[in-house]
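Trainee:
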């Protein structure tokens, strides 16, 4: 149980285009999902917390107009990188907490999406 | 003081030996503690979580929590080359329940 999927697993796009990444909880409902970004050889950086049915909460320094998050259902959150630029190239990872008994706030991660902006 | 601190490593351990990974945290209100493993180019995968003081064992892995000293550790017995990865410690922050990740310790198991 507690499986999280992401799509696509990798994407290459031209500078100025927008890219949408999907995060799905496959066997549980997630009222909260999290979006992280990780540059090569660097640590995980939390970008935003995605709440079903409400606006996402962005971390300091993350542009909410550039990284659009939509959490339309209990099993799907999307991250759209708008007007992508080469500096947005990174590994984007989502996670979710199923809230299982005895596991509390344990987060399970999706496999990640590698974005390359040319 | 950083909220979650880990030695970046690399920590080199001979195959078959015990690998010991340490993590300290600053928020005394923290209640949940996690260890994740991340292979290069992959996303983190949960190894185990611990909530109570003491030891928690799962196969070759043992998590140890000492809330008084504010540290949590992970022991890997009978280390295998496949254990070579970066190990992330994560702690929930008491004041807002946000999970804070350490920068990770790179572990290298020597064949």
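Residue numbers (the numbering used here), protein chains in the order written: chain A, 6 to 123; chain B, 311 to 421. C-beta: ideal position from N, C-alpha, C; glycine also. These numbers were taken from a predicted model, which means no experiment stands behind them.
Three Cβ pairs or more, each shorter than 8 Å: is that satisfied between the region 385 to 401 of chain B and the region 312 to 320 of chain B?
Mentor: Yes, the region 385 to 401 of chain B touches the region 312 to 320 of chain B.
Trainee: Would you verify that the beta carbon of residue 130/A is, or is not, closer than 8 Å to some beta carbon of chain B?
Mentor: The requested residue 130/A does not occur in the structure, where chain A is confined to residues 6 to 123.
Trainee: Chain A partners of residue 407/B, CB-CB under 7 Å?
Mentor: Along the second chain, one-based indexing puts residue 407/B at 97. Result: 110.
Trainee: From the DSSP output, read off the bridge partner residues of residue 77/A.
Mentor: Counting from 1 along the first chain, the entry for residue 77/A is found at position 72. BP columns for residue 77/A are empty, so no partner.
Trainee: Is the region 329 to 336 of chain B in contact with the region 79 to 87 of chain A, if contact means three or more CB pairs nearer than 8 Å?
Mentor: The answer is no - the region 79 to 87 of chain A does not touch the region 329 to 336 of chain B, with fewer than three Cβ pairs under 8 Å.
Trainee: Just the chain A side, please: which residues come within less than 9 Å of residue 402/B by C-beta, in chain order?
Mentor: Residue mapping note: residue 402/B aligns to position 92 of the second chain, counting from 1. Neighbours of residue 402/B on chain A, chain order: 109, 110.
Trainee: Check residue 392/B in the structure and name its three-state DSSP category.
Mentor: Walking along the second chain from the start, residue 392/B turns up at place 82. If DSSP states are grouped into helix, strand and coil, residue 392/B belongs with the helices.
Trainee: Below 8 Å on the Cβ atoms is my contact criterion, and I expect residue 266/B with residue 323/B to pass it. Report the Cβ-Cβ distance as a whole number of Å.
Mentor: The shown model of chain B, from 311 to 421, leaves out residue 266/B, and the question about it has no answer.
Trainee: Are any of the Cβ atoms in chain A nearer than 8 Å to that of residue 366/B?
Mentor: Position 56 of the second chain, counting from 1, holds the residue named residue 366/B. No, no contact with chain A.
Trainee: Just the C-alpha distance for residue 381/B and residue 110/A, rounded to the nearest angstrom, thanks.
Mentor: Stepping through the second chain from its first residue, residue 381/B is reached at position 71. Stepping through the first chain from its first residue, residue 110/A is reached at position 105. Approximately 19 Å, taken between the alpha carbons.
Trainee: Once DSSP output is grouped into helix, strand and coil, what is the label at residue 91/A?
Mentor: Here the question's residue 91/A lines up with position 86 in the first chain. Residue state, collapsed to three classes: helix.
Trainee: Got a sec? Which residues, its chain only, sit under 8 Å from residue 362/B by beta carbon, not counting five neighbours each side?
Mentor: On the second chain, position 52 is the one that residue 362/B refers to. These residues qualify, in order along the chain: 375.
Trainee: For residue 98/A, would you say it is in contact with chain B, using Cβ-to-Cβ distances shorter than 8 Å as the test?
Mentor: As a working note, residue 98/A is residue 93 in the first chain. At least one chain B Cβ lies under 8 Å of residue 98/A.
Trainee: Helix, strand or coil: which one does DSSP assign to residue 53/A?
Mentor: On the first chain, residue 53/A is found 48 positions in, with the first residue counted as 1. Note: residue 53/A maps to strand in three-state DSSP.
Trainee: Shorter than 7 Å, the distance from the beta carbon of residue 335/B to the closest heavy atom of the ligand NAP, or not?
Mentor: The ligand content of the structure shown is nil, which means the ligand NAP is not present either.
Trainee: Excluding the 5 residues preceding and the 5 following residue 404/B in the sequence, name in chain order all residues of the same chain whose CB lies nearer than 8 Å to its CB.
Mentor: For this step, residue 404/B is matched to residue 94 along the second chain. Cβ neighbours of residue 404/B beyond the five flanking positions: 337, 338, 339, 340, 341.
Trainee: With DSSP as the reference, identify every bridge partner of residue 364/B, one or two as the case may be.
Mentor: Within the second chain, the letter at position 54 stands for residue 364/B. BP columns for residue 364/B point to 375/B.
Trainee: Residues in its own chain within less than 6 Å of residue 105/A by CB, not counting five upstream and five downstream?
Mentor: Reading the first chain from its first residue, position 100 is the one you call residue 105/A. Nothing listed; no residue qualifies.
Trainee: Identify the contact partners of residue 414/B in chain A, using a Cβ-Cβ distance below 7 Å as the criterion.
Mentor: One-based indexing of the second chain puts residue 414/B at position 104. Under the 7 Å cutoff, chain A gives 48.
Trainee: By DSSP's criteria, residue 329/B is part of a beta bridge. Which residues make up the other side?
Mentor: Along the second chain, read from residue 1 onward, the residue named residue 329/B stands at position 19. The partner list for residue 329/B (beta bridge, DSSP) reads 386/B.
Trainee: Going along chain B, which residues have a C-beta under 7 Å from residue 104/A?
Mentor: Here residue 104/A refers to the residue found at position 99 when the first chain is read from its first residue. Near residue 104/A there are no residues of chain B at all, since even the closest Cβ is about 12 Å away, more than 7 Å.
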